[in-house]
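Residue numbering for the sequence shown follows full-length UniProt numbering, beginning at 1 and increasing consecutively.
Glycine included, every Cβ here is placed at the ideal spot set by N, Cα and C.
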Amino acid sequence: MDQLPAEVYKYSGKHIVNRLYELIKRVWEVEKVPQDWKDAVICKLYKGKGDVSDCGSYRGISLLSSAGKILAHIINMRLSKLAEEYLPETQCGFRPSRGTIDAIFVVRQLQEKSLEHQRPLYMCFVDLEKAFDRVPREALWLILQKYGYPDKFVNLIRQFHVGMKAQVRHENELSGEIDISSGVKQGCVMAPTLFAIYFSVVVRDALQYCSNQLQVNVRTDKGVFDVSRFKAKSKSQTLSILEILYADDVCLMSDSMANLQSYIDALHQSCQRFGLVISASKTQILKQPPRGCVADGSVLRLGGKPLEEVTHFKYLGSNIRHDNTLAAEIPSRIANAAANFGRLNARTKISVYKALILPVLLYGAETWCLYKSDIKKLDTFHLRCLRSILNIKWMDRISNTEVLRRAAIHGMEALLMRRQLGWCGHILRMKENRLPKKVFYSEMLEGKRKHGGQHLRYKDVLKRHLNACGINVNEWERLAIHRQSWRTAVNENIKAYENQRLDTLDVKRQLRKDRPKPSYIYTYNSAGQLYCSNCDRIFKTKFGLASHIRAHDRK
1 MDQLPAEVYK
11 YSGKHIVNRL
21 YELIKRVWEV
31 EKVPQDWKDA
41 VICKLYKGKG
51 DVSDCGSYRG
61 ISLLSSAGKI
71 LAHIINMRLS
81 KLAEEYLPET
91 QCGFRPSRGT
101 IDAIFVVRQL
111 QEKSLEHQRP
121 LYMCFVDLEK
131 AFDRVPREAL
141 WLILQKYGYP
151 DKFVNLIRQF
161 HVGMKAQVRH
171 ENELSGEIDI
181 SSGVKQGCVM
191 APTLFAIYFS
201 VVVRDALQYC
211 SNQLQVNVRT
221 DKGVFDVSRF
231 KAKSKSQTLS
241 ILEILYADDV
251 CLMSDSMANL
261 QSYIDALHQS
271 CQRFGLVISA
281 SKTQILKQPP
291 RGCVADGSVL
301 RLGGKPLEEV
311 THFKYLGSNI
321 RHDNTLAAEI
331 PSRIANAAAN
341 FGRLNARTKI
351 SVYKALILPV
361 LLYGAETWCL
371 YKSDIKKLDT
381 FHLRCLRSIL
391 NIKWMDRISN
401 TEVLRRAAIH
411 GMEALLMRRQ
421 LGWCGHILRM
431 KENRLPKKVF
441 YSEMLEGKRK
451 HGGQHLRYKD
461 VLKRHLNACG
471 INVNEWERLA
481 IHRQSWRTAV
491 NENIKAYENQ
501 RLDTLDVKRQ
511 LRKDRPKPSY
521 IYTYNSAGQL
531 YCSNCDRIFK
541 TKFGLASHIR
551 AHDRK
């Protein structure tokens with residue numbers, strides 16, 4: 001490997017750039033890639049769990065030539081452009097304007113809508129064993145050619161892989177050379193795109209004939225709060241959803257265990273034909289029956305092996321529960337943020353807290369359906385971190401509102417409102433064929449809502465945020481069409497909401513402080529015990545009796 005850092009090419013000026021341009025042009029003409037641009041040095045990184053003497057407890061990080069990565073980036077820009085025409089809408093990984101939040105949002109919305117309409121939902125989270133390393137290269141080149149990529153272009157991609165060698169670095173020493181003859185090139189910017197193209201063929205081959213898919217009604221030309229929009233059947237469309245993909249992470253879903261078993265079998269057979277392997281020990285099933293009902297007790301199998309059933313699953317870093325609550329997600333986010341917060345020293349400023357801790361704490365918050373109790377848990381952690389940074393102790397008797405003002409940061413509810421309103425605006429501006437938008441504006445094709453009180457829905461939270469910000473719930477979609485004006489409106493309204501909230505809390509606190517302390521007359525019975533003169537209830541402490549007397553006074 002040439003061992004030239006990327007900064008050499010970035011800051012060395014036109015001379016190096018022109019020489020590199022001539023070299024890249026020569027590589028394009030002769031269709032030969034220098035060996036240094038192919039080879040990799042693998043550094044091991046401990047995963048943080050497992051036996052330190054087991055190679056499986058380490059993750060390999062490939063260090064590649066910077067010049068080779070520049071050419072690979074140029075190729076990948078052209079590779080991705082055509083790939084967008086063939087990749088399925090359900091593939092959210094390593095594509096423009098998409099990310100993990102898209103996939104998490106779709107899963108949570110389908111959970112919510114299934115519960116709302118009293119429909120079962122069964123999900124299978126499929127784990128592929130070393131998927132990127134198992135891709136048969138000759139099959140990949142053939143697929144690229146069938147997709148219409150020019151032979152010269154495919155051959156140049158092939159040259160990055162043919163004859164590739166790697167060495168493992170351990171304590172500043174390098175191992176012997178290892179021939180890498182299968183899989184896409186790890187660490188290369190082209191690898192995710194190449195795998196997505198290949199895996200899309202695998203999934204299409206597996207699921208093209210699967211029937212009885214999960215179906216929802218979609219209509220996006222009316223407001224999300226317009227509950228009557230689905231009455232016009234001719235203006236709504238039916239969307240079938242079978243899988244959600246993020247690179248090699250697969251979530252299969254159905255409202256029937258029998259159908260889900262057929263999907264698993266079809267994907268298993270297709271993976272075998274295309275050289276990929278599904279791990280039966282790491283593939284897990286999550287069942288979500290309607291509230292008050294018992295889940296289907298069937299056991300799903302992969303190649304004859306039973307699959308583990310779980311009550312929650314960590315999907316793309318977010319905890320998905322069988323009851324669609326945040327009971328596992330909020331503590332997990334707080335624990336992860338606390339672990340990062342513990343690494344900060346006393347001189348760390350609020351800006352570092354915003355950059356390092358809040359993103360960990362609020363990862364996936366755009367998709368959450370938050371109750372007030374959930375917000376309170378997050379706000380408690382938020383204020384505890386700020387007090388620690390500012391060195392404010394509880395005995396200093398400084399209010400939470402003053403802590404937020406000194407830190408020049410909003411409270412947790414305002415931070416969550418900004419994320420969720422920004423995300424909803426992003427969904428609204430998506431193209432009509434985007435899956436998150438379709439699911440957001442949908443309802444289940446079958447089933448009906450139960451009578452009486454309903455569980456909190458995502459759009460209920462959205463309406464709560466809009467009302468708090470003073471944004472008309474019937475006008476928000478018109479405002480959100482324009483990204484900059486929506487962002488400005490959200491930021492200004494949230495700032496006004498937060499200032500008003502803090503002022504209101506200050507007033508309430510002052511009223512509590514100014515309230516005259518009541519003087520209680522404590523009464524004792526003949527046995528010397530404290531008791532209430534109104535109801536003769538016995539108490540062990542004066543504190544308990546005083547609280548009880550206040551309850552009488554309120555009545």
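Between Val-168, Ser-388, Thr-541, which has its C-alpha nearest Leu-63's C-alpha?
Checking every option, the nearest Cα to that of Leu-63 belongs to Val-168.
Contact between the stretch 191 to 203 and the stretch 131 to 144 (3+ Cβ pairs under 8 angstroms):
Yes, the stretch 191 to 203 is in contact with the stretch 131 to 144.
Whose C-alpha, out of Leu-115, Ser-547, Arg-434, Val-461, is nearest the C-alpha of Gly-99?
Just measuring C-alpha positions, the residue of Leu-115, Ser-547, Arg-434, Val-461 sitting nearest Gly-99 is Arg-434.
CB-CB length for Ile-549 against Tyr-520, believed under 8 angstroms:
Tyr-520 and Ile-549 do touch by the CB rule: their CB atoms are close to 6 angstroms apart, below 8 angstroms.
Please report the residue range of the beta strand (DSSP E) in which Glu-309 lies.
Counting along the chain, the beta strand (DSSP E) containing Glu-309 begins and ends at 308 to 310.
Residue(s) in a DSSP beta bridge with His-465
Answer is none; His-465 lacks a bridge partner.
Specify whether the stretch 387 to 398 and the stretch 409 to 427 touch according to this definition: at least 3 beta carbon pairs, one from each stretch, less than 8 angstroms apart.
Contact fails between the stretch 387 to 398 and the stretch 409 to 427, because fewer than three Cβ pairs, one in each stretch, are under 8 angstroms apart.
Buried or exposed: which applies to Tyr-246, given that a residue is buried once 16 or more other Cβ atoms fall within 10 Å of its Cβ?
Looking at its Cβ environment, which holds 16 or more other Cβ atoms inside 10 Å, Tyr-246 is buried.
In whole angstroms, what is the alpha-carbon distance linking Gly-93 and Gln-3?
Distance between the alpha carbons of Gly-93 and Gln-3 is about 30 angstroms.
Tell me whether Val-41 sits in a helix, a strand or coil according to DSSP, three-state version.
Strand.
Beta-carbon separation of Leu-356 and Asn-340 under 8 angstroms?
In this structure, Asn-340 lies closer than 8 angstroms to Leu-356 by Cβ.
Beta-carbon proximity of Gln-213 to Ile-241, cut-off 8 angstroms
Yes, they are a contact pair.
Selected residue, minimal CA-CA separation from Asp-506, among Ser-526, Val-439, Leu-445, Val-403:
Distances from the alpha-carbon of Asp-506 to those of Ser-526, Val-439, Leu-445, Val-403 put Val-403 closest.
Quick check: the Cα distance between Met-164 and Val-184, rounded to an integer number of angstroms?
If I take the Cα positions, the gap works out to 11 angstroms.
Within its chain, find whatever has a CB closer than 6 angstroms to the CB of Trp-476; leave out the 5 residues flanking it on each side and keep chain order.
The answer, listed in chain order, is Leu-466.
Can you tell which of Ser-547, Gly-176, Ile-334, His-482 has its C-alpha closest to the C-alpha of Ala-380?
The sequence given here places Thr at residue 380; Ala does not occur at that position. Considering only alpha carbons, the answer is Ile-334.
Taking C-alpha atoms, which residue in Glu-173, Asn-319, Phe-160 lies nearest to Lys-32?
Comparing Cα positions, the closest option is Phe-160.
Among all the DSSP beta bridges, which residues are the ones paired with residue 556?
Here the chain covers residues 1 to 555 and nothing more, so residue 556 does not appear.
Could you give the residue range of the beta strand (DSSP E) that holds Tyr-58?
Judged by DSSP secondary structure, Tyr-58 falls within the beta strand (DSSP E) whose first and last residues are 58 to 63.
As a quick exercise: from Arg-95, Ala-280, Lys-130, Phe-230, pick the residue whose alpha carbon is nearest that of Gly-60.
Comparing C-alpha distances from Gly-60 to each of Arg-95, Ala-280, Lys-130, Phe-230 shows the shortest one belongs to Lys-130.
Within the same chain, show all residues whose beta-carbon is closer than 7 angstroms to that of Asp-249, passing over the 5 residues directly before and after it, in chain order.
The answer, listed in chain order, is Leu-316.
Assign Tyr-524 to buried or exposed, taking buried as 16 or more other Cβ atoms, counted over all protein chains shown, within 10 Å of its Cβ.
Exposed, since its Cβ has fewer than 16 Cβ neighbours within 10 Å.
Should the stretch 282 to 294 be called in touch with the stretch 117 to 132, which here means at least 3 C-beta pairs below 8 angstroms?
Taking a contact to require three or more Cβ pairs closer than 8 angstroms, the stretch 282 to 294 and the stretch 117 to 132 qualify as touching.
Within the present structure, is the beta-carbon of Arg-429 separated from the nearest heavy atom of the ligand FMN by less than 7 angstroms?
Summarising the ligand content, the structure contains no ligands, and the ligand FMN is consequently not present.
What are the partner residues of Ile-320, as DSSP defines its beta bridges?
Among the bridge pairs identified by DSSP, Ile-320 is matched with Phe-313.
Is Arg-219 buried or exposed, if buried means 16 or more other CB atoms sit within 10 Å of its CB?
Classification for Arg-219: buried.
Can you say whether Ile-178 is buried or exposed, counting buried as having 16 or more other CB atoms within 10 angstroms of its CB?
The residue in question, Ile-178, is exposed, as its Cβ has fewer than 16 Cβ neighbours within 10 Å.
C-alpha distance - Thr-193 paired with Phe-132, whole-angstrom precision
Each residue's alpha carbon lies about 11 angstroms from the other.
Beta-carbon proximity list for Asn-217, same chain, < 7 angstroms, skipping 5 on both sides:
The answer, listed in chain order, is Phe-230, Ser-236, Thr-238, Ser-442, Glu-443, Leu-445.
Pull up the DSSP beta-bridge partners for residue 621, would you.
Nothing in the structure corresponds to residue 621, since the chain is present only between 1 and 555.
If I'm right that Met-253 touches Leu-121 with Cβ under 8 angstroms, what's the distance once you round it to whole angstroms?
Your pair Met-253 and Leu-121 checks out as a contact, with CB atoms roughly 6 angstroms apart and the cut at 8 angstroms.
Bounding residues of the beta strand (DSSP E) (the contiguous stretch that carries Val-250)
Unbroken beta strand (DSSP E) run through Val-250: 249 to 254.
Contacting residues, own chain, Cβ-Cβ under 6 angstroms from Trp-37 (five flanking each side not counted)
Only Ser-65, Gly-68 meet the Cβ criterion.
Any idea if Leu-260 is buried or exposed, counting beta-carbon neighbours within 10 angstroms, 16 or more meaning buried?
It is buried - the Cβ of Leu-260 has at least 16 other Cβ atoms within 10 Å.
Who are the near neighbours of Ala-295 in its chain, counting only those whose CB is closer than 6 angstroms to its CB and skipping five residues on each side?
Within the same chain, Ala-295 has close Cβ partners Lys-287, Pro-289.
Where Val-360 and Asp-536 are concerned, what is the direct C-alpha to C-alpha distance, given to the nearest angstrom?
If I take the Cα positions, the gap works out to 53 angstroms.
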